[in-house]
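A.B. asks:
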Amino acid sequence: MTVNDEAGYEVYCLADRLFYDKPTRHPSEDTDFPVTGRTVPHGWAHEPSDTWMYYAPSDAVVPTQGWKIHVSSCLADAERVLETVWDFCVARGLPFKYLRSRNVAVMFNAKSAFRGSSGKLATIYPLSDERFEAVLAELDALLRGVVGPYILSDLRYGDGPLYVRYGGFTERFCVAGNGERVLAIEDADGTLVPDVRGPTFALPPWIPLPAFLEPHLAARAAVTTTDLPYTIESAMQFSNGGGVYLGRDNRSGERVVLKEGRPHAGLDVAGRDAVTRIGHEYDVLTRLAGLDVVPAVLDRFELGEHHFLVEEFVDGNPLQRLLVHRYPLTHPDPSPEELAEYVDWALGMLGKVASAVDALHGRGVVFNDLHPENILVTAEGRLALIDFEVATLVEDHARSTLAHPAFTAPADRLGVDVDRYALACMYLGMFAPQATITAPFDPGKARQIAEYAAEVFPLPPGALDEAVRTIEGDAPAKPSRMAELPLPGVSTWDDVRAALRTSILAAATPDRDDRLFPGDVAQFLPGGGIGIAHGASGVLYALAATGAGRFPEHEDWLRKHALAPADNTPAGFYNGLHGVAYVLAELGHHQDALQLVERCLAMPVDATELGLHNGLAGMGLNLLHFRDDVGIEPAMRAVDQVADRLGGVTDMPEISGGDHPRAGLMFGSSGPALLFLHAYEQTGDSNLLDRAEVALRQDLRRCMRPEDGTLQVDQGWRTLPYLDEGSVGIALVLARYLAHRADDELAEALTRLRGVTRSSYFVQSGLYTGRAGMLLCAEPSAVDMLVRGLCWHAVPYGDGLAFPGNQLLRLSMDFATGTAGVLFALGAVLHDEPVRLPFLADPKNPDAPRHSFSDDHSKEV
């Protein structure tokens, strides 16, 4: 059976107000379905996860792939369905799994949930194609009357809650054409190919559709838009609740917007589905008819159980897109004139938004979901608010049930005060995008953000005072503790380092087996709790490397859990055992490290990606690092594998090329380039230097040059300056290459890549995708600005200083996204022995001995 949880960040916010955690650790209530408490049948195996409960007869021969049955259900029927599935499967010896709790079921069916897996409450694995039809027929009879969301990836069986798809039963992997490691099934030749799990039913070309399913496929195909008075021209966006489409009215020729609501899907926290919200939006827009600041409502209809709302097409750009395009601090060295021009534009826009909100309130409507993505601005200057699914009436004194986290009002704000709070967040957010999402971590954060904004932008005196007062509220505010804490760029390195160390240690949970320090949700993947990126080894490495101390108790925790890793723990460097081995060796636990390296050498690598974070490049670099222990041959085998699969500069390589959007240090071709450089330094083989150049040029061809003259990775819909997939990561490796071979063209590229570090604002603070990573390759003139800029995101925790992780929804202590990564990055520019990432010593002196802290095993600072 497949253990492949697809929950997003939201489900990991359920259990703890400050940190991402497993939804099963929810402190206030037990939302597990009652069936989870049943005794496992004799002779059955049971495997629980954070989201799924798996059961299978111990002696069953489970196929690796085949037709699987998914059961859909609304929450009202969920307990009945699960009891029926349990009794049915146990009596017939059929493996099955189900979502373990109501909270998880809601999150898997929420508006923001992954559309390909939404709607699945339970999965049944028939043990043969011959039993498949009989199982469907019997179960269908037992579940008559059950309703649930349509499972988009599957073919519906009749008009009940059963859906079918051909796919993998067990976890097998292959490397897809875009270079990513994905779940796989065997094709007709026995070759592993991607097991495609998209939002449409697709049958593998070598698998025939069973004859008894042909009428069901025909019924699916019978639902068309042919007879509608509208022609759908394109999809504008999708959510789990349905799509938003650009269309044309066949009668008038006018362009329109069609909003789709899928029945029982796209739940909000009040349990309302997309159809209910579509109907509600129709009523609200009808009430607001005639206002220029909302789209006109034109029609509503039903098609194949899906409900549609037809609205006026407002031909404009979201305010968020205009903000991103105009925001001056994401570009190097903005001039005073550019800053002043932006202030004038932003305050003008905010005035229009405030007037639009007042107009809604005048009609008795509270918007409840005010943020820049829900505001359209036309070329002529018209401003229109869109998406009224969660609007309420002023007289109801209600609050939002589905809102953007950075603009969500506290629980004590009701009615119009919800919109006023969101508008206040917009005032701050136009000058510090997304920063207000950190306000719940510290009562004084809004005031601090406003002060920083006033230092950077030529704002009129008091321009943000009212916004700060609105965010803080009328009740006496708790004073911010930020003034009591040392801040980067303000206090000494020793004081800042101590504050970061204090928060990290205060968050430690040595009594848990799944994690030692709270971090990103990825730490709950197999091995994530011990890896460098999100686990204990990365945190302990950052603490020791920066002189913040050694902590034997925590190192013992790491050793214990590394030497008996969880099943399916990967071998990768930043996400798996190779990286843990590296850190253990640096900490002086050399025999433990060698044991892990030997374990890694025994693991298959056929379906391994090529990158540094989790692929062959990182593994090969670590094997070179341990060459004195295991010899150089294993490392050179990895070098050859990467070279064979990477291709040439004009080929279509597996990463950083073709349809693959990723480039850069961790997931692109710069990781392999770093491997080739180290192999060249070990062997003197100039062909390896040539290979490094080819790999770097693969990444560089994925870059574009904005008007500001920098060089950034172009992903089509955004450009990236960051360490993991952006400019700075490429620059680190390119600098090392240029230390060996001069090249004027590449030297100019390096200058442009490093130019992104002169930008003064980054949405996140982390090492991989935030400000901290910039410090590892910063131009000297940018260091002070980057260091001080970390104050935008710093918040107090446990008498120390901490930083939010990815998505900014919770704090993180890990290396890739959180406080340990910030500590490490500051150590690169402030520590008396500047730290470097593994394998990235100073390119001007690449053969210098690495920094070591293994001689001081018992010292604590």
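The sequence shown maps to residues 1 to 861 in UniProt numbering. Note that CB positions come from ideal geometry on N, CA and C, so glycine has one too. The structure displayed is predicted, hence computed values, not measured ones.
At the level of alpha carbons, what is the spacing between Asp154 and Asp419?
C.D. replies: Looking at the two C-alpha atoms, the distance is approximately 40 Å.
A.B. asks: Quick check: what's the CA-CA separation for Trp52 versus Ile730?
C.D. replies: 39 Å
A.B. asks: Assuming Ala467 and Tyr427 make a contact with CB atoms under 8 Å, what is their CB distance in whole Å?
C.D. replies: 4 Å
A.B. asks: Would you mind sorting Asn687 into buried or exposed? The rule is 16 or more other CB atoms within 10 Å of its CB.
C.D. replies: So Asn687 counts as exposed.
A.B. asks: Could you say which of Pro57, Arg262, Ser669, His361 lies nearest to Leu646 if we only look at CA atoms?
C.D. replies: Ser669
A.B. asks: Could you check which residue in Val728, Thr225, Thr470, Arg662 has the C-alpha nearest to that of Leu303?
C.D. replies: Thr225
A.B. asks: Please give the ranges of any alpha helix (DSSP H) in the stretch 566–611, keeping only runs that are unbroken, at least 4 residues long and fully inside the region.
C.D. replies: 577–586, 590–601
A.B. asks: Is Val61 buried or exposed, if buried means 16 or more other CB atoms sit within 10 Å of its CB?
C.D. replies: exposed
A.B. asks: Please return the same chain residues whose Cβ sits closer than 7 Å to the Cβ of Lys375, not counting the five positions on each side in sequence.
C.D. replies: Checking the sequence shown, residue 375 turns out to be Ile, not Lys. Cβ within range, chain order: Pro318, Leu319, Val353, Leu383, Leu385.
A.B. asks: Which value, in whole angstroms, describes the spacing of the CA atoms of Gly657 and Leu616?
C.D. replies: Its pLDDT being 49, under 50, Gly657 is placed unreliably in this model, and the coordinates cannot settle the point.
A.B. asks: Can you tell me which residues form a DSSP beta bridge with Gln65?
C.D. replies: Gly168
A.B. asks: Could you check the C-alpha separation between Leu610 and Asp644 for me, to the nearest Å?
C.D. replies: 11 Å
A.B. asks: Quick one: what's got a C-beta closer than 6 Å to Ala422's C-beta in the same chain, skipping five residues either side?
C.D. replies: Leu370, Phe407
A.B. asks: Using three-state DSSP, classify Thr769 as helix, strand or coil.
C.D. replies: coil
A.B. asks: Comparing C-alpha positions only, which one of Phe173, Gly198, Pro838 sits nearest to residue 947?
C.D. replies: Not covered by the structure: residue 947. The range shown for the chain is 1 to 861.
A.B. asks: DSSP three-state label for Leu14, please.
C.D. replies: coil
A.B. asks: Considering only the beta carbon of each residue, do Tyr20 and Val40 sit closer than 9 Å?
C.D. replies: no
A.B. asks: Determine whether the beta carbon atoms of Phe676 and Val639 lie at a separation below 9 Å.
C.D. replies: yes
A.B. asks: When you compare the stretch 759–770 with the stretch 813–827, are there three or more beta-carbon pairs, one atom per stretch, that lie closer than 8 Å?
C.D. replies: yes
A.B. asks: In whole angstroms, give me the CA-to-CA distance for Ala274 and Val390.
C.D. replies: 11 Å
A.B. asks: For a test of the three-state rule: what should DSSP assign to Lys97, helix, strand or coil?
C.D. replies: strand
A.B. asks: Between the alpha carbons of residue 862 and Gly8, how many angstroms are there, rounded?
C.D. replies: Residue coverage of the chain in this structure runs from 1 to 861, which leaves residue 862 outside it and unanswerable.
A.B. asks: Whose C-alpha, out of Tyr342, Ala359, Gly179, Arg501, is nearest the C-alpha of Phe667?
C.D. replies: Considering only alpha carbons, the answer is Gly179.
A.B. asks: Taking Cβ positions, are Ser101 and Leu152 nearer each other than 9 Å?
C.D. replies: no
A.B. asks: For Phe19, which of helix, strand or coil comes out of DSSP?
C.D. replies: In the structure shown, Phe19 adopts extended strand secondary structure according to DSSP, grouped into three states.
A.B. asks: Beta-carbon within less than 8 Å of Asp784's beta-carbon, same chain only, minus the 5 sequence neighbours each way: which residues are those?
C.D. replies: Gly489
A.B. asks: Grab the span of the beta strand (DSSP E) containing Phe308 for me, first residue to last.
C.D. replies: 306–312
A.B. asks: Quick check: the Cα distance between Pro336 and Ser781, rounded to an integer number of angstroms?
C.D. replies: Distance between the alpha carbons of Pro336 and Ser781: 18 Å.
A.B. asks: Could you tell me which residues DSSP pairs with Met704 in its beta bridges?
C.D. replies: Gln712
A.B. asks: Which term fits Ala542, buried or exposed, when burial requires 16 or more other beta carbons within 10 angstroms of its beta carbon?
C.D. replies: Classification of Ala542: buried, given that the 10 Å Cβ count is 16 or more.
A.B. asks: Would you say Glu472 and Pro443 are within 9 Å of each other, going by their C-beta atoms?
C.D. replies: In this structure, the beta-carbon distance from Glu472 to Pro443 falls below 9 Å.
A.B. asks: Just to confirm the assignment: which complete alpha helix (DSSP H) runs, minimum length 4, are found wholly within the stretch 206–233?
C.D. replies: 214–221
A.B. asks: Give the single residue among Arg741, Val728, Phe762 whose Cα lies nearest to the Cα of Thr751.
C.D. replies: Val728
A.B. asks: What do you reckon, are the CB atoms on Glu598 and Leu665 nearer than 9 Å?
C.D. replies: Contact flag unset, no.
A.B. asks: Mind checking Asp699: buried by the 16 CB within 10 Å criterion, or exposed?
C.D. replies: buried
A.B. asks: State buried or exposed for Ala218, treating a residue as buried only when at least 16 other CB atoms are found within 10 Å of its CB.
C.D. replies: exposed
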